[in-house]
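>
Chains as they are written, first to last, in the UniProt record's numbering: chain P, 1 to 430; chain C, 1 to 430.
#1: Quick check on residue 263/C: does DSSP put it in helix, strand or coil?
#2: Output the distance between the C-alpha atoms of residue 355/P and residue 221/P, rounded to the nearest integer angstrom.
#3: Taking the C-alpha atoms as reference points, what is the distance between residue 241/P and residue 319/P?
#4: Pick from 45/P, 54/P, 21/P: whose alpha carbon is nearest that of residue 37/P?
#5: Return helix, strand or coil for residue 370/C, following the three-state DSSP convention.
#6: Per DSSP, what kind of secondary structure is residue 332/C in: helix, strand or coil?
#7: Are the beta-carbon atoms of residue 322/C and residue 345/C separated by less than 8 angstroms?
#8: Just to make sure I have the definition right: I need the residues of chain C whose C-beta is within less than 9 angstroms of the C-beta of residue 223/P. Which are they?
#9: Which of the residues in the stretch 47–74 of chain P, read from start to end, lie with their CB under 7 angstroms from any CB of chain C?
#10: Taking 8 angstroms as the CB-CB cut-off, is residue 139/P touching chain C?
#11: What is the C-beta distance between residue 393/P and residue 93/C, in whole angstroms, given that I count them as a contact (C-beta under 8 angstroms)?
#12: Quick one, which residues of the stretch 31–48 of chain P are near chain C if we go by CB-CB under 9 angstroms, in chain order?
#13: Below 8 angstroms, how does it come out for the stretch 419–427 of chain C and the stretch 366–381 of chain P: are there three or more Cβ pairs, yes or no?
#14: Is it true that the CB of residue 43/C sits closer than 8 angstroms to the CB of residue 86/C?
#15: Let me check understanding here. Comparing Cα to Cα, which of 362/P, 156/P, 50/P lies closest to residue 78/P?
#16: Which residue marks the beginning of the alpha helix (DSSP H) containing residue 119/C, and which one marks its end?
#17: Quick one: Cα of residue 443/P to Cα of residue 155/P, how far?
#18: State the DSSP-derived secondary structure class of residue 416/P, mapped to helix, strand or coil.
#19: Identify whether residue 32/P lies in helix, strand or coil by the three-state DSSP scheme.
#20: Could you spell out the range, first to last residue, of the beta strand (DSSP E) harbouring residue 354/P?
#21: Hey, which unbroken runs of the beta strand (DSSP E) at 3 residues or more fall wholly within the stretch 231–263 of chain P?
#22: Output the distance between the C-alpha atoms of residue 232/C and residue 191/P, rounded to the nearest integer angstrom.
#23: Note down, in chain order, all residues in the stretch 302–325 of chain P with a beta-carbon under 8 angstroms from any beta-carbon belonging to chain C.
#24: Could you work out which residues of chain C lie near residue 199/P, taking near to mean beta carbons separated by less than 8 angstroms?
#25: Closest to residue 97/C by C-alpha separation, out of 73/C, 62/C, 72/C, would be which residue?
#26: For the alpha helix (DSSP H) that residue 206/C lies in, which residues bound it at each end?
#27: So what's residue 96/C in DSSP terms, helix, strand or just coil?
#28: So, helix, strand or coil for residue 161/C, using DSSP?
#29: Terminal residues of the continuous alpha helix (DSSP H) containing residue 382/C?
#30: So that I know if they touch, is there some Cβ in chain C lying closer than 8 angstroms to that of residue 231/P?
#31: Using C-beta distances below 7 angstroms, list every residue in its chain close to residue 104/C, excluding the 5 sequence neighbours before and after it, in chain order.
#32: Measuring only between beta-carbons, confirm whether residue 410/P sits less than 8 angstroms from chain C.
#33: Got a sec, what are the start and stop residues for the alpha helix (DSSP H) residue 320/C sits in?
#34: So which residues on chain P does residue 393/C lean against when the C-beta distance must stay under 9 angstroms?
#35: Which residues in chain P have a C-beta closer than 7 angstroms to the C-beta of residue 120/C? List them in chain order.
#36: Whole angstroms is fine: what's the gap from residue 71/P's alpha carbon to residue 263/P's?
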């Protein structure tokens, strides 16, 4: 009986009043009221109440078990969906054991470590699942926008023979008897792909930082949204492009994730123009307004937060570009400008760095000299450096940390909350 | 003069007859004919011929240098584009040194190792660049199709505490003093994300196999297109979904990559239904028709090729699903069926396995027993196994090897040709 019935999703039931349907999902709630029981089933689209009468009343099942209910869809004003199921049969598909914490209340009452230890369960809570639906939209929008501009999606290796940032903080592995590293960024490779004639490329992939930080801002493995493009006229172009990309990403979230944003009570900011400050200007503001002396030419995390507050107060923007970092605080491939500065920028979002970017050196001799000045052995970077002998156009790019962007947009206290299975100095599981 | 002129791409020049434009790209060819020189500039959209007269004639530049030409677009019947540039100025933006091989002939005459050693150069050849444009479309179409069905894109860690296939062939790394591994597949994590209530998920990411093969079919790092979904009614559903996904991917390539397909002289097959054979049926065919005795219940690579030929001859299909592998040849999470077989399948494309898939075990006790039968210590897989205590629905999935799919579609002899920077037992650079 009913064996040929296909599954109907909770949300689709509203269109099937009067029909017999099969619903499958997780048991969110069970209530028994004398001769009648109510069972709320949750699936990926929402939840539906099943009414159990007669023989079915008093049906015993643990919440979070997987269940199937077959019944007639009827209209009701008792549920927010506007329909419920008059059940004809109920069947436990897979039973649940005792839960370490409750996931069916309005809020999950468990600490972050507990939530992360039991990720499969914590994700059953719709507020937590919402984070990952929004993260997926951000990434999709990033690629959609760039593909629309003719950028090509590239795939570059994460097992590499040299770190792109000069060798510190890399994870080491044994590659068939040779020493190899996990890529800290696709920096060299994305530049090489620009030079290969693809010109405008992007990559979405994991990057690895063996940093011993244990802060709310750091992950040792995270998703980097990388962009690199050739034939740029200046590094300002890169900031313009990033502004447009972020604008599109936020608009897509507003459009696709209405439910999730409502649940999380998040208003997505409208990005117009993003204010810019040079590092020098930022230091002056910190000195004059906040009496803070920063080490010349860089902002620490306290400085970043103060500048973010200043920009928010004076312009209303959650974002600010900090530009023209001095050479000593940027990697060897950064294009210098005048007075020991570089054509580089960071983007702060609510006081957190979510992007580094800039123009790169495209001439062989200048690049080789820059490696030497940083005390790096050119021979170790031969494959990358040789690229620059074969005609590389002026180019630059940037990278957005996806988890940081998600966390800041959603007001999460810790970037780990935006990673399904975060890796940090203490955490290698689940 | 002209400093405010924005760059015009080669292909866009056809719409700008009579206008003065700035073109930037790589020098493909230079010819001098007395008082006139011809310079062909290639950019990411195509190529345009620049006519150099008067003072500009005789302009000396190495091919593959980066160049800028400003001039008037005029109609001509001398070029396939239908226009050329009457140059007013030419400027070398970055010069090229001597090339290790020629990239501007109809074919690149260099061996695979040489091409891979100089990837930036070999990609300058439009036939080679075409491979990566098509690969990008395949991946984009994969995600587009699944997103359309409501699947959520997930990101799972590649640094893991256990290999998903039972521990062999994994790369080992030092993770802050602990032993860790590079993920062979996102298998455990994608199942966990189904169980988390997201139900239908996909992932696009690198996977790592420390296999010492050195064949035309193997890469040690490759891109896996992973799918996993809950509440399936049988493993046949998975093969249907994969058929639809592949159909969409191939249609998108036909639509978006006309130029590239023309260049490579590839006709994309129309996928209708994909034939299915059980492993047992395949073995019988090998025995009767080809006098080959295979070890019971699995096909080796010779067997896969013969079966592919047989299916091509008898049905015209380049694809064939091989189903119901015996338990001993499948991983511990595979759902058993009767007679020691499993609800599993492989997909062969032109005789090469491009997919493994199947239904997974969703009940804790059955799964724990399966681990034990395979001689695996349950305690080492605690995080994964515990998931199954909390109500996991029937589910299954599959994974497509992106480089293998690309290579077979484009008739490439070696899967390394479909990887920009392949990693194999000998190759860790560039």
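Backbone N, C-alpha and C define an ideal beta-carbon position, used for all residues, glycine too.
Straight from the coordinates:
#1: Secondary structure of residue 263/C (DSSP, three-state): helix.
#2: Computed Cα separation, rounded: 16 angstroms.
#3: Rounded to the nearest angstrom, the two C-alpha atoms are 15 angstroms apart.
#4: Shortest Cα-Cα distance from residue 37/P to any of 45/P, 54/P, 21/P involves 54/P.
#5: Correct three-state label for residue 370/C: helix.
#6: Residue state, collapsed to three classes: coil.
#7: Yes; because the gap between Cβ atoms is below 8 angstroms, this pair is in contact.
#8: The answer, in chain order, is 155.
#9: Cβ contacts with chain C: 64, 65, 66.
#10: Cβ-Cβ to chain C under 8 angstroms: yes for residue 139/P.
#11: So it is a contact: roughly 6 angstroms between Cβ atoms.
#12: Those residues of the stretch 31–48 of chain P that come within reach of chain C (Cβ to Cβ, closer than 9 angstroms) are 42, 43, 44, 45.
#13: Under the Cβ criterion (8 angstroms, minimum of three pairs), the stretch 419–427 of chain C does not count as touching the stretch 366–381 of chain P.
#14: Cβ distance not < 8 angstroms, so residue 86/C and residue 43/C don't count as in contact.
#15: It is 50/P whose Cα lies nearest to the Cα of residue 78/P.
#16: 119–122 is the extent of the alpha helix (DSSP H) around residue 119/C.
#17: Past the edges of chain P, shown from 1 to 430, lies residue 443/P, and the structure says nothing about it.
#18: Residue 416/P sits in a helix when the DSSP states are folded into three classes.
#19: Secondary structure of residue 32/P (DSSP, three-state): strand.
#20: Taken as a continuous stretch (DSSP letters only), the beta strand (DSSP E) holding residue 354/P covers 352–360.
#21: Counting whole runs of 3 or more residues, the stretch 231–263 of chain P contains no beta strand (DSSP E) stretch at all.
#22: Their Cα atoms are separated by approximately 44 angstroms.
#23: Interface annotation for the stretch 302–325 of chain P against chain C: empty, criterion Cβ-Cβ distance under 8 angstroms.
#24: By Cβ distance, chain C contributes 43, 44.
#25: Closest by alpha carbon: 62/C.
#26: Note, residue 206/C: premise wrong, no alpha helix (DSSP H); beta strand (DSSP E) at 200–208.
#27: Strand.
#28: Coil, per DSSP.
#29: First-last of the alpha helix (DSSP H) with residue 382/C: 382–387.
#30: It does; some Cβ of chain C falls within 8 angstroms.
#31: So the qualifying residues of the chain are 28, 29, 63.
#32: It does not: the Cβ of residue 410/P has no partner Cβ on chain C nearer than 8 angstroms.
#33: That residue, residue 320/C, is in no alpha helix (DSSP H); its beta strand (DSSP E) goes 319–323.
#34: Close partners of residue 393/C in chain P (Cβ separation under 9 angstroms): 24, 25, 26, 66, 93, 94.
#35: Neighbours of residue 120/C on chain P, chain order: 192, 195, 196, 387, 390.
#36: Rounded to the nearest angstrom, the gap between the Cα atoms of residue 71/P and residue 263/P is 29 angstroms.
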